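Worksheet for the structure shown next.
So, in structure tokens, the structure goes:
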């Protein structure tokens, strides 16, 4: 009888220990925050800007976030040659005003972005020019030059 108890103890004890362990792989991954989606998903290409004519060259304009900075690279189509050229590149600090709003601290042309919706591939925002006191709807995505 003592041998039988020892045998069951040797079989049951490891089984109980193994089944009592929690597997961390079952923990769901938390959804990314708006700030994480903006700053950690790479370049955001301009797909639509209210009251602007958007050709494929203009749609290669992008915003690239790195922590609390944003680099803007704007492109345009040269009227005489038809070439797609870089218009300007600028890097500025950003200040988060809320979970869905940030200010670009450009000394000459500061603006605010209010995020209306965002996924990993598309961001719809209101672009508010502080200098011009004007708001325009803007859509950014992950596809340069495509709509």
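Residue numbers (this note's numbering): 4 to 150.
Think of the CB as a built atom: it goes at the ideal place given N, C-alpha and C, for glycine as much as any other residue.
Here the structure is a predicted model, which means the values were calculated and not measured.
(1) Look up residue 40 in the DSSP assignment and say whether it is helix, strand or coil.
(2) Near residue 93, what residues of its chain come up, given a Cβ to Cβ distance below 6 Å and the 5 sequence neighbours on each side ignored?
(3) Taking the CB atoms as reference points, tell me whether residue 47 and residue 127 lie closer together than 8 Å.
(4) Buried or exposed: which applies to residue 66, given that a residue is buried once 16 or more other Cβ atoms fall within 10 Å of its Cβ?
(5) Use the C-beta contact count for residue 112: other C-beta atoms within 10 angstroms, 16 or more gives buried, fewer gives exposed.
(6) Could you please give the first and the last residue of the uninterrupted beta strand (DSSP E) stretch that includes residue 130?
(7) So residue 107 and residue 97 are in contact, right, with Cβ under 8 Å, and what is the actual spacing, rounded?
(8) Give me, in chain order, the residues of the same chain whose beta-carbon lies closer than 7 Å to that of residue 103; leave out the 5 immediate sequence neighbours on both sides.
(9) Within 10 angstroms of its Cβ, does residue 29 collect 16 or more other Cβ (buried), or is it exposed?
(10) Name the DSSP beta bridge partners of residue 104, please?
(11) Are residue 3 and residue 32 touching if we call contact CB-CB under 8 Å?
(12) Answer with buried or exposed for residue 7, where buried requires no fewer than 16 other C-beta atoms within 10 angstroms of its C-beta.
(13) Relative to the C-alpha of residue 43, which residue among 50, 79 and 72 is closest?
(14) Measuring CA to CA, which of 77, 131, 123 and 80 is closest to residue 3?
(15) Can you tell me which residues form a DSSP beta bridge with residue 48?
For this structure:
(1) Helix.
(2) Cβ contact annotation for residue 93 (same chain, cutoff 6 Å, sequence separation greater than five): 75, in chain order.
(3) Taking the C-beta atoms as reference points, residue 127 is found no nearer than 8 Å to residue 47.
(4) With a threshold of 16 other beta carbon atoms within 10 Å, residue 66 meets it and is buried.
(5) Exposed is the call here.
(6) For residue 130, the enclosing beta strand (DSSP E) stretches over residues 125 to 132.
(7) Between residue 107 and residue 97 the beta-carbon gap is near 6 Å, inside 8 Å, which marks them as a contact.
(8) Cβ within range, chain order: 37, 117 and 118.
(9) So residue 29 counts as exposed.
(10) Partner(s): 101 and 117.
(11) Outside the displayed range of the chain (4 to 150) lies residue 3, so it cannot be described from this structure.
(12) Legend: pLDDT at residue 7 = 48, less than 50; position of this residue unreliable, value from coordinates given subsequently. Exposed: under 16 other Cβ atoms inside 10 Å.
(13) Closest option to residue 43, Cα to Cα, is 72.
(14) This structure cannot settle anything about residue 3, because the visible part of the chain is limited to 4 through 150.
(15) 65 and 144, per the DSSP bridge assignment.
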